[in-house]
Structure formats: structure tokens, C-alpha cells
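S.K.: Structure below; questions to follow.
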Amino acid sequence: MRKVLLPVDGSCYTTKILERAKSLFDSKEVQITLLTVVNTPMHYKYDFEYKNALHHSQKNLENYAEMLSAYQVSTSVVCGRPGVSIVRFAKQNNFDCVLMTRSFQGSAETYHAVSSYVVKKAPFLELLILPEDAQRQYA
19 MRKVLLPVDG SCYTTKILER AKSLFDSKEV QITLLTVVNT PMHYKYDFEY KNALHHSQKN
79 LENYAEMLSA YQVSTSVVCG RPGVSIVRFA KQNNFDCVLM TRSFQGSAET YHAVSSYVVK
139 KAPFLELLIL PEDAQRQYA
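Residue numbering for the sequence shown follows this note's numbering, starting at 19 and increasing by one per position.
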């Protein structure tokens, strides 16, 4: 069974990447993990804001997991910088594939920084999905 990581950020492209995953993978052949990266606690003025961000992120992941009900799905929320956190999580958990989508949750520079970092630092990366549905294979 292949392990597939789907980093999601709650942008409008999240549902597109979930739909793309369903079209690419048979539910009996993959285990999918939905991952969200939130800022570290020092980025929040108050502790309750950080706890709310964690809670909100986990709830979103649970909702996304319901959209993949035919699949074996797990969820995880980690803290840190997105690119670094995605690569670290993928390496630590021996994923075979990472599916990502461009997001406009932040600036275009943020997207390019995250996706570029993941592509460069994750030699196991099989796919990078863009919102225009362009697919690119990486060795």
C-alpha cells in the first residue's frame, strides 16, 4: 500500500486536490494523510489564539477526511514553517508521494517558496499538482 501525503491549507484549492487524489488513486491501494502546518506559538500574541488555530486546523482536517470517506485517511497538524515541516513530516513517515496544490492563502512568493522548497528537499516527491491541473513529474 502506497503512502500519500496531502498538505492542505484550507484554501479554495484544497477541495480540488482532494478530488484530484480520488481520481488518481484507488482507495484500496493508498493510505492518505492530510497535513496542515500552523505557525509556531511565538507567532501568536495570546496562547488562546494558538490553541484556537490548532483546534480550527484539526476540525478542518476532519471535514476534509470525510470527503475521502472511501479511503484510509489520517490527519495531522504540525507547527512550524510550511516547507520545512512538510518535508520533515514526509521523511519521518516514509511517504511515497506528496500531492500539493498552489494556494493563494498567502502571497505568491510564499507559495513559490513552499513548493520550491518541497521539490528541492524531497527527492521522493512524485507529483506536484497546480490549480490549473497541470501535472509535473519529478524524479
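Cβ coordinates follow ideal geometry from the N, Cα and C atoms, glycine included.
Which runs of the beta strand (DSSP E), 3 residues or longer, sit entirely within the stretch 60-122?
M.R.: 90-97
S.K.: Hey, how far is the Cα of Leu-52 from the Cα of Lys-63?
M.R.: 27 Å
S.K.: Return the CA-CA distance between Thr-93 and Leu-36, expressed in angstroms with no decimal places.
M.R.: Cα to Cα, Thr-93 sits roughly 13 Å from Leu-36.
S.K.: Buried or exposed for Phe-66, going by 16 or more other Cβ atoms inside 10 Å?
M.R.: Per the 10 Å Cβ criterion, exposed.
S.K.: I'd like to know whether the C-beta atoms of Val-55 and Ala-71 end up nearer to each other than 8 Å.
M.R.: no
S.K.: Let me make sure I understand the geometry here. Which of Gly-98, Arg-99, Ala-131 and Lys-139 has the alpha-carbon closest to that of Val-116?
M.R.: For the residues Gly-98, Arg-99, Ala-131 and Lys-139, the minimum Cα distance to Val-116 belongs to Lys-139.
S.K.: Could you give the residue range of the alpha helix (DSSP H) that holds Lys-40?
M.R.: Counting along the chain, the unbroken alpha helix (DSSP H) around Lys-40 starts and ends at 32-42.
S.K.: Taking the alpha-carbon positions, what's the Val-105 to Lys-34 distance?
M.R.: Approximately 22 Å, taken between the alpha carbons.
S.K.: By how many angstroms is the C-alpha of Ser-75 removed from the C-alpha of Thr-58?
M.R.: 13 Å
S.K.: Looking only at DSSP bridge pairs, what is Pro-25 linked to?
M.R.: Leu-53
S.K.: Around the Cβ of Ser-45, are there at least 16 other Cβ atoms within 10 angstroms (buried) or fewer (exposed)?
M.R.: Around the C-beta of Ser-45, fewer than 16 other C-beta atoms lie within 10 Å, and the residue is accordingly described as exposed.
S.K.: For Ala-88, is the classification buried or exposed, using 16 other Cβ atoms within 10 angstroms of its Cβ as the cut-off for buried?
M.R.: exposed
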